[in-house]
Structure formats: structure tokens, C-alpha cells
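See below for the structure under consideration.
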Amino acid sequence: MEKRSNKYYLTLSLKEYANGETKPAKELGIEFSNHDEIFGIIQKMKDKNLFDDPSEATQFAIGLKLFSEIKLKYRKNPLFDELNEVFPVFMKKLKSL
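Residue numbering for the sequence shown is 60 to 156, as defined by the working numbering.
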């Protein structure tokens, strides 16, 4: 039986370079799946007030969900060996806050 996942489309736009230039403009869009409802996760992160700026909670939630889904999919990849030991501890700590 195939696991069901939520399907997302994410757009990333470069608005301004560090030197103040706005051109050349860059944008990419990616489709991805995730077993979690990410908008709910974003709201939970905002509600926890872990960061000074609510947009940082959004950045954290999106980054964590994108990263953790790939880590989970490729958990047997040697790249993740050290993380496989500590990541569950981190996630339990985060969920307990």
C-alpha cells in the first residue's frame, strides 16, 4: 500500500543581492511531497515563540520539513549516519516545547 503524502509547490525568488542589486532576477519552483501538513507545523512553530521574528519560525519550519523528509527517505545513506543518532532526540525536544 502506497503512503499518502501532501503535495506542495514552493517558489523561491531572489529579491535583492547583498550588494543591493536587484538584477539579474532569479526564481525557482519545486514540487515536493511531505507526510506532514506543513502549514500546521508553521503555525505551531509561530505559537511556540522560539524566535524573535515570526518569519524566522516560518523559515525554520519549512527548512526543517524539507530537510527531514529527505533525511528520512535516505536514512541509510552514510551521509546521515551521525544525524540518525541525534535527530530523533532533537525532534522530541522540539515537540516537547
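The beta carbon of each residue, even a glycine, is placed where N, CA and C say it ideally should be.
Please read these numbers as outputs of a predicted model, since none were measured by experiment.
Which of helix, strand or coil DSSP assigns to residue i
i	result
K152	helix
K132	helix
S114	helix
N65	strand
Beta-carbon gap between residue i and residue j smaller than 7 Å
i	j	result
K66	S92	yes
S72	E86	yes
Cα-Cα separation, residue i to residue j
i	j	result
K82	E75	8 Å
I100	K152	15 Å
Y133	F119	21 Å
D95	T70	19 Å
Terminal residues of the beta strand (DSSP E) in which residue i lies
i	result
K85	85-93
Bounding residues of the alpha helix (DSSP H) (the contiguous stretch that carries residue i)
i	result
G99	97-107
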